[in-house]
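Enquirer: Quick one: this structure, given as structure tokens, is what I'll be asking you about.
2 protein chains.
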Amino acid sequence: MEIYLIRHGIAQEREIGIPDEVRSLTNKGKDKTRQVAGRLYDLGVRFDVVLTSPLVRSRQTAEILHEYKLSREITESAHLAPNGSIYDWLDWLKAQQYPQQTQLALVGHQPNLGQWAEILVWGEDRARLILKKAGIIGLTLPETDSPIGQAQLFWLTPPKFLL
Amino acid sequence: MEIYLIRHGIAQEREIGIPDEVRSLTNKGKDKTRQVAGRLYDLGVRFDVVLTSPLVRSRQTAEILHEYKLSREITESAHLAPNGSIYDWLDWLKAQQYPQQTQLALVGHQPNLGQWAEILVWGEDRARLILKKAGIIGLTLPETDSPIGQAQLFWLTPPKFLL
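Right, here's the structure in full:
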């Protein structure tokens, strides 16, 4: 299985009175995310499902991937919210029994996505992966009960190399 | 300092009677490497120096990077040959006293380059990074006596995402 960890685009700054979960993409964030989505389409990247954090900035990022026909399906996953746990998500993933050739996009937040990638690839998180807003990490998960420390990294890119 | 580990392009197969060090890029390997170099140029990637393994297939790859004006300088480094040691290379690097903003390309072979990247980022090699021929790994080395286990990964791409 291939998973693509995609960080949401540039969003409104944190501000007193605006709950974190409703911060939305700025116009610049939308434009850049659209450019990334268009380039992914041209590169032939496709997803069977886009899973997204329920927070507005991630949801909007996932909708842009959908608009650009990278996936027919968007599903919200509370595991991808900033307080989500990769272990809970892996339990959920196992229960789905997706076929091995499935390609999933996971749209969410930092530091979570970088931590998840490092835990999947090296079994622990050392904050060594730089994942920019609208950036992507691509991992291959082996067919195994637990992919922790067993995944391979085939892609990590900031958006500037996708424009 | 940023270092870009670049694997040589597609080369002639191993064959009895052809020493490994003279195997050269195939026409397809040259074409693909040229496409990658052109895209790197358009993306604004530049190197102060291209260091290359002395083996013909790496040397040719480095020359293509030079033809596409990614760097004005190519230097052979025996440390980048298949039996080279990252520790010896780091000693060499320290002696150069390059300024912190230097951008170096290292053209060489697998499994070496993937191993070097993992040793720089996580302190050990677990063969978890997939580096295709003409693929690239981008690392930021901190200003420190030994960057082992201290580097950050900002890019890893197969050539298919650079065409």
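Top to bottom, those sequences are chains W and Y.
Residue numbering for the first sequence follows my numbering, beginning at 1 and increasing consecutively.
Residue numbering for the second sequence follows my numbering, beginning at 1001 and increasing consecutively.
Think of the CB as a built atom: it goes at the ideal place given N, C-alpha and C, for glycine as much as any other residue.
Note that the structure is a prediction, hence the values are computed from the model and not measured.
(1) How many whole angstroms separate the CB atoms of W:Ser58 and W:Val107, which I take to be in contact at a CB cut-off of 8 Å?
(2) Within the segment 63-114 of chain W, note down every full beta strand (DSSP E) run reaching 3 residues or more, in order along the chain.
(3) Using C-beta distances below 8 Å, list every residue in its chain close to W:Gly123, excluding the 5 sequence neighbours before and after it, in chain order.
(4) Just tell me which of W:Leu163, W:Leu139, W:His109, W:Gln101 has its CA closest to the CA of W:Ala62.
(5) If the cut-off is 7 Å on Cβ atoms, which residues from the segment 1095-1126 of chain Y count as contacting chain W, listed in chain order?
(6) Assuming contact is defined by CB atoms lying nearer than 9 Å, are Y:Ala1117 and Y:Leu1104 in contact in what I supplied?
(7) Taking Cβ positions only, does Y:Phe1154 come closer than 9 Å to chain W?
(8) Can you tell me which of the three DSSP states W:Lys129 falls into?
(9) In this structure, does DSSP put W:Gln35 in helix, strand or coil?
(10) Enumerate in chain order the residues of its own chain whose CB-to-CB distance from Y:Ala1127 is below 6 Å, with the five nearest sequence positions on each side excluded.
(11) Can you check which of these residues, W:His66, W:Thr33, W:Arg34, W:Tyr41, is closest to W:Val49 by C-alpha distance?
(12) Any idea if W:Pro2 is buried or exposed, counting beta-carbon neighbours within 10 angstroms, 16 or more meaning buried?
(13) From this set, W:Thr157, W:Ile74, W:Ile10, which residue's C-alpha is nearest W:Leu25's C-alpha?
(14) On the DSSP letters alone, give me the boundaries of the beta strand (DSSP E) that W:Arg7 sits inside.
(15) Taking all protein chains shown into account, decide if Y:Tyr1004 is buried (16 or more other Cβ within 10 angstroms of its Cβ) or exposed.
(16) With burial defined as no fewer than 16 other Cβ atoms inside 10 Å of the residue's Cβ, what is the status of W:Gly29: buried or exposed?
(17) Is W:Leu43 closer than 9 Å to Y:Lys1160 when the C-beta atoms are compared?
(18) Comparing alpha-carbon positions, which option in Y:Gln1097, Y:Leu1129, Y:Tyr1068, Y:Gly1135 lies nearest Y:Asp1145?
(19) By a C-beta neighbour count over all protein chains shown, 10 Å radius and 16 as the cutoff for buried, is W:Val22 buried or exposed?
(20) Buried or exposed for Y:Trp1155, going by 16 or more other Cβ atoms inside 10 Å?
Expert: In short, the structure shows the following:
(1) Taking the first sequence and counting its residues from 1, one reaches residue 58 of chain W at position 58. Taking the first sequence and counting its residues from 1, one reaches residue 107 of chain W at position 107. So it is a contact: roughly 5 Å between Cβ atoms.
(2) 74-76, 103-108
(3) Within the first sequence, the letter at position 123 stands for residue 123 of chain W. So the list reads Ile148, Gly149, once near-sequence residues are dropped.
(4) Start at 1 with the first residue of the first sequence, and residue 62 of chain W comes out as number 62. Selected option, being the one with the closest Cα: W:His109.
(5) Val1121, Trp1122, Arg1126
(6) Here residue 1117 of chain Y refers to the residue found at position 117 of the second sequence. Here residue 1104 of chain Y refers to the residue found at position 104 of the second sequence. It is not a contact, given that the beta carbons lie outside the stated cut-off.
(7) As a first step, residue 1154 of chain Y must be located in the second sequence, where it is residue number 154. It does: the Cβ of Y:Phe1154 has a partner Cβ on chain W nearer than 9 Å.
(8) Position 129 of the first sequence, counted from the first residue, corresponds to residue 129 of chain W. For the record, residue 129 of chain W in the displayed sequence is Leu; it is not Lys. It is a strand residue.
(9) As a position in the first sequence, residue 35 of chain W is number 35, starting the count at 1. Of the three classes helix, strand and coil, the one that applies to W:Gln35 here is helix, per DSSP.
(10) The sequence position of residue 1127 of chain Y within the second sequence is 127, counting from 1. Excluding residues within five positions, none has a Cβ falling inside 6 Å.
(11) The residue labelled residue 49 of chain W in the question sits at position 49 within the first sequence. It is W:His66.
(12) Taking the first residue of the first sequence as 1, we reach residue 2 of chain W at position 2. A small fix is needed here, since residue 2 of chain W is Glu in this sequence, not Pro. Buried.
(13) Residue numbering aside, residue 25 of chain W sits at position 25 when the first sequence is read from its first letter. Ranking the options by Cα distance to W:Leu25, first place goes to W:Ile10.
(14) Numbered from its first residue, the first sequence carries residue 7 of chain W at position 7. Bounds of the beta strand (DSSP E) holding W:Arg7 are 2-7.
(15) Locating residue 1004 of chain Y in the second sequence gives position 4, counting from the first residue. Per the 10 Å Cβ criterion, buried.
(16) Here residue 29 of chain W refers to the residue found at position 29 when the first sequence is read from its first residue. By the 10 Å Cβ count, W:Gly29 comes out buried.
(17) As a working mapping, residue 1160 of chain Y is identified with position 160 in the second sequence. As a working mapping, residue 43 of chain W is identified with position 43 in the first sequence. It is a contact, given that the beta carbons lie within the stated cut-off.
(18) Looking up residue 1145 of chain Y in the second sequence gives position 145. The shortest CA-to-CA distance from Y:Asp1145 to any of Y:Gln1097, Y:Leu1129, Y:Tyr1068, Y:Gly1135 is the one to Y:Gln1097.
(19) The residue you call residue 22 of chain W lines up with position 22 of the first sequence. Under this definition W:Val22 is an exposed residue.
(20) For the purposes of this step, residue 1155 of chain Y is identified with residue 155 of the second sequence, where counting begins at 1. Per the 10 Å Cβ criterion, buried.
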